[in-house]
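Down below is the structure, laid out as structure tokens.
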Amino acid sequence: MASYFLLLGVLIATCSSIVLASDPSPLQDFCVADSKGPALVHGPESSLFSFLHGSILVNGFGCKDPKLVQANDFSFSGLHLPGNTSNPVGSKVTPVTVTQTPGLNTFGISMVRLDFAPWGVNPPHTHPRATEILTVLEGSLEVGFVTSNPNNSLITKTLEKGDVFVFPESLVHFQRNTGNSASVAVAALSSQNPGVITVANAVFGSNPDIANDLLAKAFQVDTSIINNIQSKF
Ligand SMILES: *[C@@H]1O[C@H](CO)[C@@H](O)[C@H](O)[C@H]1NC(C)=O
Ligand SMILES: *[C@@H]1O[C@H](CO)[C@@H](O)[C@H](O)[C@H]1NC(C)=O
């Protein structure tokens, strides 16, 4: 009898780990994000509040009434148009996430178009919720990511038209056009809401500023250098 329960325990543990190894499958055909619906809520009190008030809780946006769903909820137009790269970094990302296309809600997928002026940079950033797979449509791109502590190994490569590269979830990564003509890429991300944390903006452009003497110690430089960088954001 004891060995029966042991076996049962092992089976349950095995099944649980299989279930936890991937996102749960959607339990409906779709859940088009309802921008006018209840705000995203977190925590036991707000869950209780939402429960008492009859709103639908999902890990993301609430669902629009399926009877009101239209084809446009699943659609985006304009990804053939070049993004405006006239900015200090010389690149532009055009996102197609749940914000632009509410039908993406709960599907764990989205895409972006990336435009680069000659020598334009998509600065080091991370997507806290997504792995990214990118392909170059025009020109060439130097791409790379840095592994986590303690090694912080830089994995980098120059891509030509048609080449594909994958940026692992959450790792700091970047792209740079290494050519004298514009370059274009498209990428897919494994979240409908991948999020972006641009390292420089988060560290030097927070609101309010992180204390300059704290950053001076972190970066092992004088506070005047920190003040100078903070003034750019
Ligand atoms: C591109 O952006 C720059 C800077 O914001 C702006 O001056 C320019 O008019 C924009 N170009 C187009 C075609 O929208
Ligand atoms: C990280 O660096 C250590 C020390 O140099 C090395 O032994 C280890 O293999 C490295 N790990 C990876 C994943 O590169």
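Under mature numbering (1 follows the signal peptide of the UniProt record, and there is no 0), residues -21 to -1, 1 to 212 are what the sequence shown spells out, in order.
For every residue, glycine included, the Cβ atom is placed at its ideal position computed from N, Cα and C.
These figures come from a predicted structure and were not determined experimentally.
| How close, in whole Å, do the beta carbons of A50 and G69 come, if the pair is a contact with beta carbons under 8 Å? | Within the sequence shown, residue 50 is the residue found at index 71, counting from 1. Within the sequence shown, residue 69 is the residue found at index 90, counting from 1. Rounded, the Cβ-Cβ distance is 36 Å, inconsistent with contact.
| query | Would you call the stretch 114 to 134 and the stretch 152 to 171 touching, i.e. three or more CB-CB distances under 8 Å? | reply | yes
| What do you reckon, is the C-beta of S132 under 7 Å from a heavy atom of ligand 2? | The count along the sequence shown starts at 1 and reaches residue 132 at position 153. Within the cutoff, so yes.
| request: From the DSSP output, in three-state form, read off F198 for me. | output: Sequence index remark: in the sequence shown, residue 198 carries index 219 (1-based). In this structure, F198 counts as helix in the three-state DSSP scheme.
| Does L83 have its Cβ less than 8 Å from a Cβ in chain D? | The structure shown contains no chain D; it holds only a single protein chain.
| message | I'd like to know whether the C-beta atoms of L150 and S89 end up nearer to each other than 8 Å. | response | Here residue 150 corresponds to residue number 171 of the sequence shown, with the count starting at 1. Here residue 89 corresponds to residue number 110 of the sequence shown, with the count starting at 1. Cβ atoms of L150 and S89: not closer than 8 Å.
| field | heavy atom of ligand 1 below 7 Å from S70 C-beta | value | What you label residue 70 is simply residue 91 of the sequence shown in a count that begins at 1. No, Cβ of S70 sits at least 7 Å from all heavy atoms of ligand 1.
| request: Starting from the Cα of P45, find the closest Cα among F86, Q7, V75 and N66 and give me that residue. | output: As a working mapping, residue 45 is identified with position 66 in the sequence shown. Checked all of F86, Q7, V75 and N66; the closest Cα to P45 is Q7.
| query | Unbroken alpha helix (DSSP H) runs of length 4 or more, entirely within the stretch 160 to 188: which are they? | reply | 178 to 183
| Quick one: what does DSSP say I204 is sitting in, helix, strand or coil? | As a first step, residue 204 is located in the sequence shown; it is residue number 225 there, counting from the start. Reduced to three states, the DSSP call for I204 is helix.
| task | Verify whether the separation of the beta carbon atoms of D94 and G62 is less than 8 Å. | result | Numbered from its first residue, the sequence shown carries residue 94 at position 115. Numbered from its first residue, the sequence shown carries residue 62 at position 83. In contact: D94 and G62 (Cβ atoms closer than 8 Å).
| Status (buried if at least 16 other CB within 10 Å, exposed otherwise) for V(-3) | Residue mapping note: residue -3 aligns to position 19 of the sequence shown, counting from 1. Confidence is the limiting factor: at V(-3) the pLDDT is only 44, short of 50, which leaves the residue's position unreliable, though a coordinate-based value still follows. The residue is exposed, with fewer than 16 neighbouring Cβ atoms inside 10 Å.
| message | Let me confirm a value: S54 is counted as buried when at least 16 other C-beta atoms fall within 10 Å, else exposed. Which label applies? | response | Counting from 1 along the sequence shown, the entry for residue 54 is found at position 75. Exposed.
| task | Please find out if some non-hydrogen atom of ligand 1 comes closer than 7 Å to the beta-carbon of N63. | result | Walking along the sequence shown from the start, residue 63 turns up at place 84. Checking every heavy atom of ligand 1 against the Cβ of N63, one is found closer than 7 Å.
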